[in-house]
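K.L.:
Mind the numbering: the sequence shown is residues 2 to 138 in my numbering, read in order.
Have a look at this one.
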Amino acid sequence: MKFLERLQLSLQKFMTGRHGLDHLSLALTYAALLLCLLSMIPGMSFLNFLSLALLVYTAFRILSRNREKRIKENVWFMNLVNPFLTRVRQAFNRFRNRKLYRYFDCPNCHQKLRVPRGVGHITVTCKSCGHKFDQTA
Numbered sequence: 002m003k004f005l006e007r008l009q010l011s012l013q014k015f016m017t018g019r020h021g022l023d024h025l026s027l028a029l030t031y032a033a034l035l036l037c038l039l040s041m042i043p044g045m046s047f048l049n050f051l052s053l054a055l056l057v058y059t060a061f062r063i064l065s066r067n068r069e070k071r072i073k074e075n076v077w078f079m080n081l082v083n084p085f086l087t088r089v090r091q092a093f094n095r096f097r098n099r100k101l102y103r104y105f106d107c108p109n110c111h112q113k114l115r116v117p118r119g120v121g122h123i124t125v126t127c128k129s130c131g132h133k134f135d136q137t138a
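Okay, structure coming up:
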């Protein structure tokens, strides 16, 4: 067995029963890296301590055997972040499809709607509230 294979096998044995990497741990790692970079600005050296603390907490989360608690923390984080990620994804899709569709809000419920470009003046029915209104595409 080669050295790297033995190393991989021993690492797998060590991580058995531990929580491992999740979205919160990854976000904490990125935040620590950002703080470390910001600490290079003169007068901001105190951020080095904060980045080190975040990295220690991240290592604690990854190596923790209390999986239920780490899963609860990750679910809380994802519930906090998902609305923002959804908005970013939707904005990206609207930008990508801007030549095919025209996007606008329903005047009644403010739901985002789209119509194909170039169809002219049409009557749109909102799928959420059923409100009908005229729109030019």
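Quick reminder that beta carbons are idealized off the backbone N, C-alpha and C, glycines included.
With a 10 Å radius around its C-beta and 16 neighbouring C-beta atoms as the bar for buried, classify S26 as buried or exposed.
P.N.:
Per the 10 Å Cβ criterion, buried.
K.L.:
For L39 versus L48, is the C-beta spacing smaller than 7 Å?
P.N.:
In this structure, L48 lies closer than 7 Å to L39 by Cβ.
K.L.:
For L35 and S46, I'd like the C-alpha separation in whole angstroms.
P.N.:
Those two C-alpha atoms are separated by around 13 Å.
K.L.:
Considering only the alpha carbon of each residue, which of N83, P84, L114 lies closest to N98?
P.N.:
Ranking the options by Cα distance to N98, first place goes to L114.
K.L.:
Cβ atoms of R95 and Y104: under 7 Å apart, would you say?
P.N.:
Their beta carbons are under 7 Å apart, which means Y104 touches R95 by this criterion.
K.L.:
Going by the CB atoms, is the gap between H122 and N75 shorter than 7 Å?
P.N.:
Cβ atoms of N75 and H122: not closer than 7 Å.
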